[in-house]
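Student: Protein chains in written order, with my numbering: chain A, 106 to 593; chain B, 10 to 102.
Built from N, CA and C at the ideal position, the CB exists for glycine as well.
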Amino acid sequence: MSELAKLTIHTAHQKLKKKEISATELTTAVLDHIEKTEPQINAFISICRDQAMAQAKQADSIIFKEKNFPILTGIPIAPKDIYLTKGILTTCASHILHNFVPPYNATVIEKCLAQNAVIVGKTNLDEFAMGSSTETSYFKNTKNPWDLSRIPGGSSGGSAAAVSADQCLASLGTDTGGSIRQPASLCSVVGLKPTYGRVSRYGTMAFASSLDQMGPLTKDVTDCAHMMNVISGHDEKDSTSIKTPVPDFTKTLNQNIKKLRIGVPKEFFTQAIATDVKQCVNTALKQLEGLGAELIDISLPNTEYAVATYYIIAPAEASANLARYDGVRFGLREQANTLQELYSKTKASGFGAEVKRRILIGTFVLSSGYYDAYYGKAQKTRTIIRNDFTEVFKNVDVIAGPVSPTTAFKLGEKINDPLQMYLSDILTLSTNLAGLPGMSVPCGFGDGNLPVGLQLIGKAFDEETLIRVAHCYEQATKWHLKKPKITT
Amino acid sequence: MINKNEIIRISKLANIKINDTDIPKLSQELNQILEYVEKINELDLKDIKPTSHAVATHNVFREDLVVQNEIINDVLNTAPDTEENFFKVPKVI
Chain A
106 MSELAKLTIH TAHQKLKKKE ISATELTTAV LDHIEKTEPQ INAFISICRD
156 QAMAQAKQAD SIIFKEKNFP ILTGIPIAPK DIYLTKGILT TCASHILHNF
206 VPPYNATVIE KCLAQNAVIV GKTNLDEFAM GSSTETSYFK NTKNPWDLSR
256 IPGGSSGGSA AAVSADQCLA SLGTDTGGSI RQPASLCSVV GLKPTYGRVS
306 RYGTMAFASS LDQMGPLTKD VTDCAHMMNV ISGHDEKDST SIKTPVPDFT
356 KTLNQNIKKL RIGVPKEFFT QAIATDVKQC VNTALKQLEG LGAELIDISL
406 PNTEYAVATY YIIAPAEASA NLARYDGVRF GLREQANTLQ ELYSKTKASG
456 FGAEVKRRIL IGTFVLSSGY YDAYYGKAQK TRTIIRNDFT EVFKNVDVIA
506 GPVSPTTAFK LGEKINDPLQ MYLSDILTLS TNLAGLPGMS VPCGFGDGNL
556 PVGLQLIGKA FDEETLIRVA HCYEQATKWH LKKPKITT
Chain B
10 MINKNEIIRI SKLANIKIND TDIPKLSQEL NQILEYVEKI NELDLKDIKP
60 TSHAVATHNV FREDLVVQNE IINDVLNTAP DTEENFFKVP KVI
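Set out below in structure tokens:
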């Protein structure tokens, strides 16, 4: 393969600056590599060669004229197919949006395009981001580049697989219950879910609005810091985005972690967590200690209630958010004689099984007579879970543990058992319920040479510390340099 | 418990047509999920305030400015059926 596709954002940026390469060469190399590897990986729903080449040419004209240009100029990225991209098919991996070409861009996409980033394609996901394996996609199953018989994780599985297989320099994912961190962990890439409100949700299809947050998937931590610089910040189009200063995340990247207090929750190391995952994470914790951090045993006693709380709140919000896909203004429409019939037939054939299950559960827990028993109570358990974190963060700076209870499982292994699939999110959901930032950084390989991620959870709006710890760890261990072998 | 009648009730509320043949499996799956989420009943929730958003914001206002947005045609182009500047649907009443 061309060496160019292997580049990170920051190394490519330096080469573009020194005029060693052009954006056109870089984009061509990435697109050619996608063409070669895509039959094995299946990470993309759309590949946009013509648009990407035009964007690269445009970027080259800026690079030719300017000595200094923004970090993403001429950089090939591949957003999850949940971000609205003007003029590019955006499906959310659903039959109901199989033909939807949005008339505007998501704010995050606008920010990347303002820097003349190149969009090479849109990556696969679980339908409406509902799943942990990318198997609920209407279009295809994405394979884990480390073992093609296994899932890449989800819901941002296409994004993680594409970054891991060098099919793009970086991707943008979304995380409602672990959808950036879990696939990042299973594919050995860096994934960050920022604090709720740090990044605008405008123009990204809503799943559960009080939990959804947009974030990057990258090849290393430095790129993660750069992407965070680009996408963060208040947006008046998203009333839940927060007006708070955005630091330069690359500034503190190289600071050490001496005396940093890292909390290790005992609930993240129970019998439900596979031995090989625990071994990798325990080794990583010792390495962090070796780098000067102080490990502190902590407890997040209500972790075991996170899955139950989440699977009431998220479906409830989803049932309201997905009501808009009714066959009237966009997407699929089934023929019908009455409006009511049009809605119900369109939704019946447009949504897949998992999306229907969640809409029905959500409708049930919000319906008259059941609201207090389910939704009302779940909002209270959400408070309890949040309070656990508030308490713990009085004594520690960061929390560390595994991301996923197991390494990547086999395709088809859990798809017919919704509850088992839900339980694979047990270590990631609580940060969404609490709105905190969480990150996955590669920390080695378990049985069968399958990747394991180290999860770092921070205080609200303290992504800086997460990125610093992750960078310190990455530079000491270099796990990010290990790449899957893909035979083409 | 979500029985057949309950499935019919919520599928009507959600506007999703469910085939009779799919009801037994669906009802089994939904009950399995509900049984699991009822785990929250183990907790004492007395005097606990509900959380609707992790980062609370109140009364987010912006200037009420008129913005020219000439995307009517782009928006209508994504619709399955239109007439003039309207979305067209089957007879409502």
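Could you please tell me which residues of the stretch 425-452 of chain A, in chain order, have their CB closer than 8 angstroms to any CB of chain B?
Tutor: So the close ones are A428, D431, G432, V433, R434, F435, G436, L437, R438, A441, N442, T443, L444, Q445, E446, L447, Y448, S449, K450 and K452.
Student: What do you get for A/T495, buried or exposed, if any count of 16 or more other CB atoms within 10 angstroms of its CB means buried?
Tutor: With fewer than 16 other Cβ atoms within 10 Å, it is exposed.
Student: Where A/A164 and A/A222 are concerned, what is the direct C-alpha to C-alpha distance, given to the nearest angstrom?
Tutor: If you take the alpha carbons of A/A164 and A/A222, they lie about 8 angstroms apart.
Student: From this set, A/M333, A/T241, A/D502 and A/P556, which residue's C-alpha is nearest A/S276's C-alpha?
Tutor: Ranking A/M333, A/T241, A/D502 and A/P556 by Cα distance to A/S276 puts A/M333 first.
Student: What is the DSSP secondary structure of A/E518, counted as helix, strand or coil?
Tutor: It is coil, neither helix nor strand.
Student: Tell me whether A/Y476 sits in a helix, a strand or coil according to DSSP, three-state version.
Tutor: Of the three classes helix, strand and coil, the one that applies to A/Y476 here is coil, per DSSP.
Student: Anything in the stretch 51-78 of chain B with a Cβ closer than 7 angstroms to a Cβ of chain A? List those residues in chain order, please.
Tutor: Answer in chain order: L52, L54, I57, K58, P59, T60, S61, H62, A63, V64, T66, V69 and R71.
Student: At a CB distance below 8 angstroms, what residues from the stretch 202-227 of chain A approach chain B? Give them in sequence order.
Tutor: Within the stretch 202-227 of chain A, the residues whose Cβ lies closer than 8 angstroms to some Cβ of chain B are F205, V206, P207, P208 and Y209, listed in chain order.
Student: When Cβ atoms are compared, which residues of the stretch 505-525 of chain A fall closer than 8 angstroms to chain B?
Tutor: The residues in question are P523 and L524.
Student: Could you tell me which chain B residues have their CB closer than 7 angstroms to the CB of A/T468, listed as they occur along the chain?
Tutor: Ordered by position in chain B, the residues that pass the 7 angstroms Cβ test against A/T468 are I19, L22 and A23.
Student: Could you give the distance in angstroms between the alpha-carbon of A/L524 and the alpha-carbon of A/K162?
Tutor: In a straight line, the C-alpha of A/L524 is about 48 angstroms away from that of A/K162.
Student: Report the residue ranges of all beta strand (DSSP E) runs contained in full by the stretch 193-247 of chain A; include only those spanning at least 3 residues, in chain order.
Tutor: Whole beta strand (DSSP E) segments, 3+ residues: 226-228.
Student: Are the CB atoms of A/D340 and A/Y307 within a distance shorter than 8 angstroms?
Tutor: Their beta carbons are under 8 angstroms apart, which means A/Y307 touches A/D340 by this criterion.
Student: Does the stretch 490-508 of chain A come within contact of the stretch 365-374 of chain A, defined as at least 3 CB pairs closer than 8 angstroms?
Tutor: As far as the Cβ criterion goes, the stretch 490-508 of chain A touches the stretch 365-374 of chain A, which means the pair count is three or higher.
Student: Leaving out five residues on either side along the sequence, give the residues of the same chain with a beta carbon under 6 angstroms from the beta carbon of A/S264.
Tutor: Once the five neighbours on either side are set aside, the close Cβ partners of A/S264 are K185, T228, S276, G278 and L322.
Student: Please state whether the Cβ-Cβ distance between A/T300 and A/E568 is less than 8 angstroms.
Tutor: Yes, the pair counts as a contact, with Cβ atoms nearer than the cut-off.
Student: Out of B/I49, B/I17 and B/R71, point me to the one whose CA is closest to A/I418's CA.
Tutor: When only C-alpha atoms are compared, the closest one is B/I49.
Student: A/S535 by DSSP, collapsed to three states: which one?
Tutor: In this structure, A/S535 counts as helix in the three-state DSSP scheme.
Student: So is A/H331 buried or exposed if we call it buried at 16+ other beta carbons inside 10 Å?
Tutor: The residue in question, A/H331, is buried, as its Cβ has 16 or more Cβ neighbours within 10 Å.
Student: Return the bridge partner residues of A/K185 from the DSSP annotation.
Tutor: Answer by DSSP bridge pairing, in chain order: A/T228.
Student: On a CA-only basis, which of A/E446, A/E422 and A/A421 is nearest A/D431? Give me that one, please.
Tutor: Closest option to A/D431, Cα to Cα, is A/E446.
Student: Name, in chain order, the residues that DSSP records as bridge partners for A/K298.
Tutor: In DSSP, A/K298 forms a bridge with A/G543.
Student: Take B/E38 as the anchor and find which of A/I114, A/K450, A/A458 and A/K482 has the nearest alpha-carbon.
Tutor: Ranking the options by Cα distance to B/E38, first place goes to A/A458.
Student: Using the C-alpha atoms, what's the distance from A/V206 back to A/E108?
Tutor: So the two alpha carbons sit approximately 33 angstroms from each other.
Student: Around the C-beta of B/R71, are 16 or more other C-beta atoms found within 10 angstroms, so that it is buried, or is it exposed?
Tutor: Classification for B/R71: exposed.
Student: Identify, in the order they occur along the chain, each residue of the same chain with its Cβ nearer than 7 angstroms to the Cβ of A/A661, setting aside the five sequence neighbours on each side.
Tutor: An answer regarding residue 661 of chain A cannot be provided, because it is not within the stretch 106 to 593 covered by chain A.
Student: Looking at A/V294: is its Cβ nearer than 8 angstroms to the Cβ of A/V268?
Tutor: Yes, they are a contact pair.
Student: Report the partner residues of A/I504 according to the DSSP bridge assignment.
Tutor: DSSP output for A/I504 lists A/G368 and A/I562 as bridge partner(s).
Student: Taking a cut of 7 angstroms between CB atoms, which residues from the stretch 395-416 of chain A lie near chain B?
Tutor: Those would be Y410, A413, T414 and Y416, in chain order.
Student: On a Cα-Cα basis, can you pick out the residue from A/A134, A/A266 and A/N554 that is closest to A/R286?
Tutor: The option with the nearest alpha carbon to A/R286 is A/A266.
Student: Would you give the residue range spanned by the alpha helix (DSSP H) that A/T511 belongs to?
Tutor: Here A/T511 belongs to no alpha helix (DSSP H), and DSSP marks it neither H nor E.
Student: Just checking my contact of A/D201 with A/G455 at CB under 8 angstroms: how many whole Å lie between their CB atoms?
Tutor: First, the residue type needs correcting, since residue 201 of chain A is Ile and not Asp in the sequence shown. Yes, A/I201 and A/G455 are in contact; Cβ-Cβ is about 3 angstroms, under 8 angstroms.
Student: Going by other Cβ atoms of all chains shown within 10 Å of its Cβ, with 16 needed for buried, is A/I489 buried or exposed?
Tutor: Under this definition A/I489 is a buried residue.
Student: Just to confirm, is the Cβ distance from A/T536 to A/I562 under 8 angstroms?
Tutor: Cβ distance < 8 angstroms, so A/T536 and A/I562 count as in contact.
Student: Who are the near neighbours of A/V574 in its chain, counting only those whose CB is closer than 6 angstroms to its CB and skipping five residues on each side?
Tutor: So the list reads I362, V503 and L561, once near-sequence residues are dropped.
Student: Specify, as a first and last residue, the run of the beta strand (DSSP E) that A/S151 falls within.
Tutor: Here the beta strand (DSSP E) through A/S151 covers F149 to I152.
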